[in-house]
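Student:
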Amino acid sequence: MAEIHLKQLAHSYHPHPSGVQDYALKEIDHVWEDGKAYALLGASGCGKSTLLNVISGLLHPSQGQVLFNGEDVTNLPTEKRHIAQVFQFPVVYDTMSVYDNLAFPLRNRGRDEATIRQRVGDIAEMLELTGELKKKARGLAADAKQKISLGRGLVRQNVAAILFDEPLTVIDPHLKWLLRMQLKSLHQRISNTMIYVTHDQTEALTFADQVVVMHDGYVVQIGTPQALFERPSHTFVGYFIGSPGMNLLPVQIEGTQARLGELKIELPGRYTIPAGRKTELGIRPEFVSLSRENRGHSLPVSIQHIEDIGRHRIVRAELAGHALNVIVPGDVAVSDDCRYLDFDRSRINIYADDWLQEART
Amino acid sequence: MNRTWNNKAWWMVLPVVLLVAFSAVIPLMTVVNYSVQDTFGNNQFFWAGLSWFEEIMNSQRFHDALLRQFLFSGLILAIEIPLGIFIAMNMPKKGWGVAVCLVLMSLPLLIPWNVVGTIWQIFGRVDIGLLGKFMALIGVDYNYTQNVIDAWITVVVMDVWHWTSLVALLCYAGLQSIPEAYYQAARIDGASRWAIFRFIQLPKMRGVLLIAVLLRFMDSFMIYTEPFVVTGGGPGNATTFLSIDLVKMAVGQFDLGPAAAFSLVYFLIILLLSWVFYTVMTHLDKQGG
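So the sequence lines, in the order shown, correspond to chains A and B.
So in the numbering used here, spot 195 of the first sequence is number 195, and the numbers just go up one at a time.
So in the numbering used here, spot 240 of the second sequence is number 240, and the numbers just go up one at a time.
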């Protein structure tokens, strides 16, 4: 178990990076606290796997250091770092039984058979693989294979951290949540540092204490699922998290008001945005409400389309020429003749050049 | 249940039946025909029963050729398969080296058998050959036309030169298909180089190795042209393999009856051994999983 400190770390796949655009992973300085579960969330190709492979030692970073409990491991090879890693596609040793698969890392490290039997037995029980121990690993289903990959990591006692690289990609949907629950309860039992790479926000939000959102090689926000939802610090976090994502409207700020074309929107505080920066107002579809009557400061809107997805309805509307999504809870009536809309003022976020701005009250 | 039987579809098979008949079955039947008859000329044949088969099965000449053949094929497999795997594992995995390697490796495979034979026949000659001259220069008494061991070494090395590429290329294809994650997982598990070979690379190459072993066995068991060109089966009968012996018997001595019986026995041996190889290796495969 370990606290992992990434110190001014960056990585480029180019041998001689000429500028910031050559870096797959832009400079990051971050401490992954011991025993916490993190999710690394981002679209494909944003640098999450690069970051993971740097931590596990499969990649040597172009700059910076990786510290485990304060000890510099940047130049240590993978097998010396005590890292467990589960890959996107299950890796099992085809010719071996499940037992031999789990025993493999211990045998490679020269442990005696009695210790191995003990450890493998414990891990198999923890992962509910006891019944399969004698079977050939090759014949098993994808979810059991992923458990074996995980087990091969856990079987070593001194694992510093467990890294997951989109481990549920090839698992059937009905088994996904089951495996996710097992992972979560496993984390509660062994309280190891876990880093879980995914592009699926549901997976990230249900698994992790802290979600790290990456975009284009940058870490754009680190926070609890709730913080990501309520105060996205970057527009990417806003529209990547949530379904549908945050509405972003180009506005001009005038003190405590935002101007969207002819319309004026009251803001929760006073903002000062220097001239020439792209200014946007962000509001989640959950915090927009529709009505038939003007409720004082309501904005005129025209409804394009109502989509019923069961628990709630998603309304596609148009506000001053801009598309806008509204989520209407199941128990609230909505129809085409709703011609007014209100924003929950306290939930409005203002972004300048994609980054969240603080209001002065 | 009442089924309607319609056998008209069999007519569709007819072209294939005819083709196979003319290309394989009818020529084979003429051989079968010769193997049970005898003639004193004038195209007059009479029934000889299984006497040719008895003669072949009891002939020392056949036994010796068969033994030499097994020795040759055994040596070929024992050298070419491990060497091919070794080469494949050391070939570059990406970059410009891949293309260079692939082309260089394919070159021997593109050379016709008799040309390979001629190349080595001249290469090994003591009077003008590069190899022969060189051996004499460093004081090794090498002469494939007179020394049995030298003749064997020449023939085996020639085959290794000609065909190891095939094994290497097949194994290379097998190795290339292993996802990178396997090697990464193995590094995390602390696997040694040998363990990676034993538990990842070898199992993943099993399919192509089965093909490589089968191809190399069948080809080496039927080898004719190269040793015929290099040594002509000599010195003495030292490199007279089954097919060389067969041709001597059929075309040289014109003993059609014994030669036909010889052919059939030869054919059945190859068929049997290929079947055994295939069964054993697919069985291992199932056991492995």
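All residues carry an ideal CB built from backbone N, CA and C; glycine is no exception.
DSSP state of T4 of chain B, grouped into three classes?
Tutor: Coil at T4 of chain B, not helix or strand.
Student: Residues of chain A with CB under 7 Å from A195 of chain B, in chain order?
Tutor: Residues of chain A passing the Cβ test: N108.
Student: Taking the C-alpha atoms as reference points, what is the distance between P232 of chain A and L341 of chain A?
Tutor: Going from the Cα of P232 of chain A to the Cα of L341 of chain A covers about 23 Å.
Student: Can you find the residues in the same chain that come closer than 8 Å, C-beta to C-beta, to L246 of chain B, ignoring five residues on each side of it along the sequence?
Tutor: A259, F262, S263, Y266.
Student: At which residues does the beta strand (DSSP E) containing G223 of chain A begin and terminate?
Tutor: Segment 218-223, the beta strand (DSSP E) holding G223 of chain A.
Student: Of the choices A:L59, A:I4, A:G64, whose alpha-carbon is the least far from that of G70 of chain A?
Tutor: Ranking A:L59, A:I4, A:G64 by Cα distance to G70 of chain A puts A:I4 first.
Student: Kindly indicate if chain B contains any beta-carbon less than 9 Å away from that of A84 of chain A.
Tutor: With 9 Å as the cut-off, A84 of chain A counts as an interface residue toward chain B.
Student: Measuring straight from C-alpha to C-alpha, what distance separates N143 of chain B and I128 of chain B?
Tutor: So the alpha carbons of these two residues sit roughly 12 Å apart.
Student: Quick one: measure Cβ to Cβ for A186 of chain B and I200 of chain B, integer angstroms, because I've assumed they're closer than 8 Å.
Tutor: Confirmed, about 6 Å.
Student: Does chain B have any CB closer than 9 Å to the CB of G153 of chain A?
Tutor: Yes, G153 of chain A counts as interfacial toward chain B.
Student: Got a sec, what are the start and stop residues for the beta strand (DSSP E) R61 of chain B sits in?
Tutor: It is not in any beta strand (DSSP E) - R61 of chain B instead sits in the alpha helix (DSSP H) that spans 60-90.
Student: Looking at K48 of chain A: is its Cβ nearer than 9 Å to the Cβ of V197 of chain A?
Tutor: A contact, by the Cβ cut-off of 9 Å.
Student: Just the Cα atoms here: how many angstroms apart are E166 of chain A and L41 of chain A?
Tutor: Their backbone Cα atoms lie some 10 Å apart in a straight line.
Student: Below 7 Å on C-beta distance, what does F199 of chain B contact in chain A?
Tutor: The answer, in chain order, is Y93, T95, M96.
Student: Would you mind sorting W11 of chain B into buried or exposed? The rule is 16 or more other CB atoms within 10 Å of its CB.
Tutor: It counts as exposed.
Student: Any idea if W32 of chain A is buried or exposed, counting beta-carbon neighbours within 10 angstroms, 16 or more meaning buried?
Tutor: That one is buried.
Student: Report the CB separation of L179 of chain A from I171 of chain A in whole angstroms; it is logged as a contact under 8 Å.
Tutor: About 6 Å; that satisfies the 8 Å criterion.
Student: How close, in whole Å, do the beta carbons of I188 of chain B and T78 of chain A come, if the pair is a contact with beta carbons under 8 Å?
Tutor: Contact holds; Cβ gap of about 5 Å.
Student: What span of residues does the alpha helix (DSSP H) with Y239 of chain A cover, start to end?
Tutor: Taken as a continuous stretch (DSSP letters only), the alpha helix (DSSP H) holding Y239 of chain A covers 235-240.
Student: Can a CB atom of chain B be found closer than 9 Å to the CB of Q304 of chain A?
Tutor: No - not a single Cβ of chain B is within 9 Å of the one on Q304 of chain A.
Student: Please identify, using Cβ separations under 7 Å, the residues of the segment 171-196 of chain B that lie next to chain A, in order along the chain.
Tutor: Listed by position, the residues of the segment 171-196 of chain B near chain A (Cβ gap below 7 Å) are P179, A181, Y182, Q184, A185, R187, I188, D189, G190, A191, S192, A195.
Student: How big is the Cα-Cα spacing for A204 of chain A and S44 of chain A?
Tutor: Roughly 14 Å between the two C-alpha positions.
Student: Could one say the Cβ of R347 of chain A lies closer than 9 Å to chain B's Cβ atoms, at least one of them?
Tutor: Answer no: the Cβ-Cβ gap between R347 of chain A and chain B never drops below 9 Å.
Student: If we define contact as Cβ-Cβ less than 9 Å, is P77 of chain A a contact residue for chain B?
Tutor: So yes, P77 of chain A belongs to the interface.
Student: Taking only three categories from DSSP, how would you classify A323 of chain A?
Tutor: Three-state result, A323 of chain A: strand.
Student: Counting contacts by CB-CB distance shorter than 9 Å, is I4 of chain A in contact with chain B?
Tutor: For I4 of chain A, the answer is no, since every Cβ of chain B falls outside 9 Å of its Cβ.
Student: Say whether chain B places a C-beta atom closer than 9 Å to the C-beta of P105 of chain A.
Tutor: Yes, P105 of chain A counts as interfacial toward chain B.
Student: Expressed to the nearest angstrom, what Euclidean distance is found between the alpha-carbon atoms of D150 of chain B and G57 of chain A?
Tutor: If I take the Cα positions, the gap works out to 53 Å.
Student: Given a limit of 7 Å on CB to CB distance, which residues of the segment 23-38 of chain B reach chain A?
Tutor: Residues: none.
Student: Enumerate, from N- to C-terminal direction, the unbroken beta strand (DSSP E) stretches of 3 or more residues contained entirely within the segment 276-355 of chain A.
Tutor: For the segment 276-355 of chain A, whole beta strand (DSSP E) runs of length 3 or above, ordered along the chain, are 279-283, 288-291, 302-308, 312-319, 322-329, 340-343, 349-352.
Student: Would you kindly report the start and end of the unbroken alpha helix (DSSP H) that includes H174 of chain A?
Tutor: That run of the alpha helix (DSSP H) goes 173-190.
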